[in-house]
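Everything below concerns the one structure shown next.
Residue numbers (this note's numbering): 1129 to 1311.
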């Protein structure tokens, strides 16, 4: 996905949900800090944008987005990309992530006022998920210097109390492995 496609998803999601404050939480959140031509292929390979709303306690906005422009929708069929409506509580993020949101001005996304996860918070969420595609995404951002291993480690140590210790240990192990491959 590129920024133009993401802007289209953001515009549509904002209108469908009736909420201009759209949050990009999946891998496409990296487009909030870099253009696609500055990113490794692994960072923009997905044709899905994970969209959430900070004010969506009953998940209705996420569900409306999913139904309107989600996978297999007419929107997806026509354009080849889509949104996945995500409830923010399903994402594992380090404490303080809201204060680090990035809010670039994307005129093409209006009326959406998009916020994007900070790249380090994004990678920590990917490490917490631990899927093969998430680890490949994280590795690609580390390799091109978009995230710093020391900052990642700080964010891992800032995970909320409810995150199981085995998940935190797995994440720390990944960072340690990345450090050892750089030696």
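Yeah, the Cβ is synthetic: ideal placement off N, Cα and C, and Gly gets one too. Fair warning: this is a prediction, and the values are worked out from it, not measured in the lab.
Item to check | Residue environment, residue 1231, which counts as buried when at least 16 other CB atoms sit within 10 Å | outcome: In the chain shown, the residue the question calls residue 1231 occupies position 103. Its Cβ having fewer than 16 others within 10 Å, residue 1231 is exposed.
Checklist entry - Leaving out five residues before and five after residue 1155 in sequence, what residues of the same chain have Cβ atoms less than 7 Å from its Cβ? => result Here residue 1155 corresponds to residue number 27 of the chain shown, with the count starting at 1. So the qualifying residues of the chain are 1171, 1174 and 1265.
Checklist entry - I think residue 1150 touches residue 1138, with their Cβ atoms under 8 Å apart; what is that distance to the nearest whole Å? => result Counting from 1 along the chain shown, the entry for residue 1150 is found at position 22. Counting from 1 along the chain shown, the entry for residue 1138 is found at position 10. Going by Cβ atoms, the distance from residue 1150 to residue 1138 rounds to 5 Å, so yes, they are a contact pair.
Item to check | Three-state class that DSSP yields for residue 1151 in the structure shown | outcome: On the chain shown, residue 1151 is found 23 positions in, with the first residue counted as 1. In the structure shown, residue 1151 sits in a strand (DSSP, three-state: E or B).
Checklist entry - When the distance is taken between beta carbons, is residue 1237 closer than 8 Å to residue 1135? => result For the purposes of this step, residue 1135 is taken as residue 7 along the chain shown, with counting starting at 1. For the purposes of this step, residue 1237 is taken as residue 109 along the chain shown, with counting starting at 1. Yes. Within cutoff.
Item to check | Sheet register partners of residue 1203 (DSSP bridge) | outcome: By 1-based counting over the chain shown, the position of residue 1203 is 75. Residue pairing by DSSP leaves residue 1203 without any beta bridge partner.
Item to check | Rounded straight-line distance, which links the Cα of residue 1297 to that of residue 1283 | outcome: For the purposes of this step, residue 1283 is identified with residue 155 of the chain shown, where counting begins at 1. For the purposes of this step, residue 1297 is identified with residue 169 of the chain shown, where counting begins at 1. If I take the Cα positions, the gap works out to 13 Å.
Checklist entry - Taking the C-alpha atoms as reference points, what is the distance between residue 1200 and residue 1141? => result Indexing the chain shown from 1 puts residue 1200 at position 72. Indexing the chain shown from 1 puts residue 1141 at position 13. Approximately 16 Å between the Cα atoms of the pair.
Item to check | 6 Å CB neighbourhood of residue 1268 in its chain, flanking five on each side removed | outcome: Working through the chain shown from its first residue, we reach residue 1268 at position 140. Hits under 6 Å: 1168, 1170 and 1171.
Next on the checklist: For residue 1278, report the span of its alpha helix (DSSP H) as first-last.
Outcome noted: By one-based count along the chain shown, residue 1278 stands at place 150. First-last of the alpha helix (DSSP H) with residue 1278: 1277-1285.
Next on the checklist: I'd like to confirm the pairing. Which residues does DSSP put opposite residue 1244 in its beta bridges?
Outcome noted: Against the chain shown, residue 1244 aligns to sequence position 116. For residue 1244, which the question treats as bridged, DSSP gives the partners 1152 and 1230.
Item to check | Same chain only: Cβ atoms within 6 Å of residue 1270, ignoring 5 sequence neighbours per side | outcome: Indexing the chain shown from 1 puts residue 1270 at position 142. For residue 1270, where only same-chain residues beyond five positions count, the Cβ hits under 6 Å are 1306.
Item to check | Cα-Cα separation, residue 1233 to residue 1291 | outcome: Taking the first residue of the chain shown as 1, we reach residue 1233 at position 105. Taking the first residue of the chain shown as 1, we reach residue 1291 at position 163. The straight-line gap from Cα to Cα measures roughly 33 Å.
Item to check | Classification of residue 1131 by the beta-carbon crowding that lies within 10 angstroms, buried from 16 upward | outcome: Taking the first residue of the chain shown as position 1, residue 1131 is located at position 3. Taking all protein chains shown into account, residue 1131 has 16 or more neighbouring C-beta atoms within 10 Å of its C-beta and is therefore buried.
Checklist entry - beta strand (DSSP E) containing residue 1179: first to last residue? => result As a working note, residue 1179 is residue 51 in the chain shown. Looking at the DSSP string, the run of the beta strand (DSSP E) that includes residue 1179 is 1176-1181.
Checklist entry - Do you know offhand how far residue 1293's Cα is from residue 1203's? => result Against the chain shown, residue 1293 aligns to sequence position 165. Against the chain shown, residue 1203 aligns to sequence position 75. C-alpha separation (whole angstroms): 41 Å.
Checklist entry - Do the CB positions of residue 1246 and residue 1189 come within less than 8 Å of each other? => result For the purposes of this step, residue 1246 is taken as residue 118 along the chain shown, with counting starting at 1. For the purposes of this step, residue 1189 is taken as residue 61 along the chain shown, with counting starting at 1. Against a cut-off of 8 Å, the Cβ pair of residue 1189 and residue 1246 comes out as no contact.
Item to check | residue 1195 - containing alpha helix (DSSP H), residue span | outcome: Here residue 1195 is taken as the residue at index 67 of the chain shown, counted from 1. Element bounds for residue 1195: 1188-1197.
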